[in-house]
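A.B. asks: Dropping a structure here in structure tokens format, bear with me for questions.
In the numbering used here, the protein residues as written are 390 to 801.
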């Protein structure tokens with residue numbers, strides 16, 4: 390049976406949504422630039438041999454619509470390359486890697502692109518007309534009448550300071566449209582994660598990212614991007630120098646009057662793209678390409694949407710079991726930092742040593758463009774394994790709607 394290996398990675402800098410460095414770039418243009426950059430790292434590869442291009446996008450629509458995967462293939466000049474746009478929200482481009490992995494293991498192809506993009510700055514916004522004003526603010530433009538009662542319960546609980554409990558115990562429907570910040574507040578309550586712990590983790594992310602900038606870690610994986618006006622962007626917008634616990638502790642809660650989630654202990658909204666070139670080990674040998682890593686396993690699980698932040702726990706257990714490994718066998722871990730409130734109970738429940746987790750900072754500092762993040766973290770994990778001369782890495786993330794995904798890789 391062929392093995393699936395990663396032979397190249399690339400990512401853009403990550404911009405702040407609406408006011409950051411990439412806000413003037415179309416998502417399909419940005420994704421095309423980054424896929425091209427990844428392919429340029431394997432000049433031995435005849436691009437006409439690529440069998441499919443899978444592009445993750447958390448919220449396709451507007452400029453992110455019209456099957457961007459195929460749009461990108463065409464913009465690359467590859468008329469014979471099929472393309473698909475996949476959404477699994479936060480883990481969309483981890484799902485595309487999983488699809489390439491499965492296709493290769495099944496013997497249904499040798500060369501694939503797994504990529505992801507999100508430009509929150511240029512989202513197509515729908516309409517929330519007709520909803521109560523407090524729900525328009527909390528839910529945004531996406532809604533479904535089936536979940537109206539659940540959404541009203543979410544907002545009411547937040548405003549009254551009620552502690553979360555599983556709505557199915559009362560025969561109620563869980564809120565699949567729940568805002569991610571509310572899920573983080575739910576976890577902070579039921580897992581007893583304090584505001585102080587969350588702030589300390591947020592500061593840790595910023596401080597580690599600052600250190601990684603200084604030692605050149607992030608420069609190793611970022612592909613500079615040229616804007617329409619000719620400006621070249623080569624750095625992430627998010628990381629901040631000199632962040633202290635004193636400063637972060639002064640920030641006000643965002644989602645509940647009595648809440649613990651603030652701008653200092655969760656990820657911002659972002660723009661960015663990332664790409665991987667994945668092929669069979671046999672094709673890599675045939676083409677004389679040295680693989681960076683082997684994909685050992687993946688996992689995907691689900692849980693209540695209202696506590697989606699615990700998704701990494703069961704997904705990681707599933708992926709490790711499939712790889713025949715334990716937490717103790719893993720050298721470095723990357724958990725997407727959507728919220729400190731969910732990373733903290735996830736890594737503790739899994740028994741992950743903190744000194745092996747997100748050792749260069751994470752999304753709280755760097756950012757989380759939804760469709761990009763899966764592929765970005767894979768590239769960061771590979772970069773980190775190489776930078777620190779380690780072998781086994783695990784990537785995992787929670788997923789809006791109540792899911793978790795994980796990937797286990799072996800550096801070669």
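Yeah, the Cβ is synthetic: ideal placement off N, Cα and C, and Gly gets one too.
1) Could you spell out the range, first to last residue, of the alpha helix (DSSP H) harbouring residue 548?
2) Have a look at 493, 549 and 752 and flag the residue whose alpha-carbon is nearest the alpha-carbon of residue 627.
3) What's the gap between the Cα of residue 766 and the Cα of residue 588?
4) For residue 709 and residue 715, what's the separation of their Cα atoms in angstroms?
5) By the DSSP assignment, the alpha helix (DSSP H) with residue 772 in it spans what residues?
6) What does the alpha-carbon distance come out to for the pair residue 617 and residue 413?
7) Classify residue 558 as helix, strand or coil using the three-state DSSP reduction.
8) Just to check my reading of the structure: residue 646 and residue 550 have Cβ atoms closer than 8 Å, yes? What is that Cβ distance to the nearest angstrom?
9) Quick one: which unbroken alpha helix (DSSP H) runs of 4-plus residues sit fully inside the region 425-471? Chain order, please.
10) Is residue 741 near residue 582, with beta carbons less than 8 Å apart?
11) Would residue 390 be called buried (16 or more neighbouring beta carbons within 10 Å of its own) or exposed?
12) Check whether the region 478-486 touches the region 442-450, taking contact to mean three or more Cβ pairs, one atom from each stretch, closer than 8 Å.
13) Counting along the chain, where does the alpha helix (DSSP H) carrying residue 597 start and finish?
14) Alpha carbon to alpha carbon, how far is residue 534 from residue 519? Give it in angstroms, no decimals.
15) Within 10 angstroms of the Cβ of residue 777, are there 16 or more other Cβ atoms? Answer buried if so, exposed if not.
16) Check residue 609 in the structure and name its three-state DSSP category.
17) For residue 659, does the three-state DSSP call read helix, strand or coil?
18) Straight-line CA distance for residue 543 to residue 571?
19) Quick one, which of 673, 443 and 621 has its alpha-carbon nearest residue 801's?
20) In this structure, does DSSP put residue 698 in helix, strand or coil?
21) So residue 739 and residue 702 are supposed to be a Cβ contact under 8 Å. How far apart are they, rounded?
22) Report yes or no: do three or more beta-carbon pairs, one from the region 683-695 and one from the region 459-471, lie closer than 8 Å?
C.D. replies: A quick look at the data gives this:
1) Position 159 of the chain shown, counted from the start, is the residue given in the question as residue 548. Residue 548 -> alpha helix (DSSP H) spans 537-549.
2) In the chain shown, counting from the first residue as 1, residue 627 sits at position 238. Closest by alpha carbon: 752.
3) Position 377 of the chain shown, counting from 1, holds the residue named residue 766. Position 199 of the chain shown, counting from 1, holds the residue named residue 588. In a straight line, the C-alpha of residue 766 is about 22 Å away from that of residue 588.
4) Mapped onto the chain shown, residue 709 falls at position 320. Mapped onto the chain shown, residue 715 falls at position 326. Cα to Cα, the separation comes out at about 6 Å.
5) Looking up residue 772 in the chain shown gives position 383. Counting along the chain, the alpha helix (DSSP H) containing residue 772 begins and ends at 759-776.
6) To locate residue 617, count along the chain shown from 1; it is residue 228. To locate residue 413, count along the chain shown from 1; it is residue 24. Approximately 7 Å between the Cα atoms of the pair.
7) On the chain shown, residue 558 is found 169 positions in, with the first residue counted as 1. Three-state result, residue 558: helix.
8) Indexing the chain shown from 1 puts residue 646 at position 257. Indexing the chain shown from 1 puts residue 550 at position 161. Correct: roughly 7 Å between the Cβ atoms.
9) The region 425-471 is shown to contain whole alpha helix (DSSP H) runs of 4 or more residues at 457-464, in chain order.
10) One-based indexing of the chain shown puts residue 741 at position 352. One-based indexing of the chain shown puts residue 582 at position 193. No, the Cβ-Cβ distance between residue 741 and residue 582 is not below 8 Å.
11) Counted from its first residue, the chain shown places residue 390 at position 1. Answer is exposed; the Cβ neighbour count stays below 16.
12) yes
13) Translated into positions along the chain shown, residue 597 becomes position 208. For residue 597, the uninterrupted alpha helix (DSSP H) run begins and ends at 584-603, by DSSP.
14) Counting from 1 along the chain shown, the entry for residue 519 is found at position 130. Counting from 1 along the chain shown, the entry for residue 534 is found at position 145. Note on residue 519: pLDDT 40, under 50, position unreliable in the model; no value is reported.
15) Along the chain shown, one-based indexing puts residue 777 at 388. That one is exposed.
16) The residue given as residue 609 occupies position 220 in the chain shown. Here residue 609 sits in helix by DSSP.
17) Locating residue 659 in the chain shown gives position 270, where the first residue counts as 1. Correct three-state label for residue 659: strand.
18) Position 154 of the chain shown, counted from the start, is the residue given in the question as residue 543. Position 182 of the chain shown, counted from the start, is the residue given in the question as residue 571. The straight-line gap from Cα to Cα measures roughly 8 Å.
19) Stepping through the chain shown from its first residue, residue 801 is reached at position 412. For residue 801, the nearest C-alpha among the options comes from 673.
20) Residue 698 sits at position 309 when you count from the first residue of the chain shown. Helix, per DSSP.
21) Looking up residue 739 in the chain shown gives position 350. Looking up residue 702 in the chain shown gives position 313. Between the beta-carbon of residue 739 and that of residue 702 there is about 6 Å, and that keeps the pair under the 8 Å contact cut.
22) No, because fewer than three Cβ pairs between the region 683-695 and the region 459-471 fall closer than 8 Å, the two stretches do not touch.
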